[in-house]
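*Asks:* Dropping the structure in here first, questions after.
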Amino acid sequence: MANISKRTVDYYTNLGLLQPKRSSSNYRYYDECDLEILQMIEQCKSLHMPLCEIKELVRNKREAPNAEQLLALTKDVNQRMQQLEQEMSLLISQINSLSEEEQHEVRQKLSVQGTTLLHSLLLLLPYKQEKN
1 MANISKRTVD YYTNLGLLQP KRSSSNYRYY DECDLEILQM IEQCKSLHMP LCEIKELVRN
61 KREAPNAEQL LALTKDVNQR MQQLEQEMSL LISQINSLSE EEQHEVRQKL SVQGTTLLHS
121 LLLLLPYKQE KN
């Protein structure tokens, strides 16, 4: 596996750095993700990184969502946003039925919450610094 000895692979497996799948006959097999992790481990070792730090990097890599998971999450968020838009339409009609003073009070509260939400959303967007 990637020009690394079986003993080294066993060592990484025992440390929990690699998590092989098992076949029906109980043979270990490693997928593409394991190969990437193995290459990452070897690169980190070549930089004399301690195993505890390598373990942390491997854990972070395993827990990072993949593109498919992010797309599914985006779809869920979009559906929820559509539901919220419908709720907002209903809320707006209810606000419009209030007195002017009550409308003003409600809109002020919504403005503060909306600004906070907008700031949170902006933090999620990638920031591109333009060169002058």
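In case it helps, the UniProt record's numbering puts the sequence shown at residues 1 to 132.
Glycine included, each C-beta is placed from N, C-alpha and C at the ideal position.
(1) Measuring alpha carbon to alpha carbon, tell me which residue in LYS109, GLN103 and PRO20 is nearest ILE37.
(2) Would you mind stating whether residue 133 and LEU17 have Cβ atoms separated by less than 8 Å?
(3) CB MET40 to CB LEU15, shorter than 8 Å?
(4) Return helix, strand or coil for TYR29, following the three-state DSSP convention.
(5) Alpha helix (DSSP H) containing HIS48: first to last residue?
(6) Could you give the distance in angstroms between the alpha-carbon of SER89 and the alpha-carbon of GLN113?
(7) Do ILE95 and GLN103 have their beta-carbon atoms positioned less than 8 Å apart in this structure?
(8) Return the bridge partner residues of LYS21 from the DSSP annotation.
*Replies:* A quick look at the data gives this:
(1) PRO20
(2) The first residue shown for the chain is 1 and the last is 132, placing residue 133 beyond what the model contains.
(3) no
(4) strand
(5) Looking at the DSSP string, HIS48 is not in any alpha helix (DSSP H), and its letter there is neither H nor E.
(6) 17 Å
(7) yes
(8) TYR29
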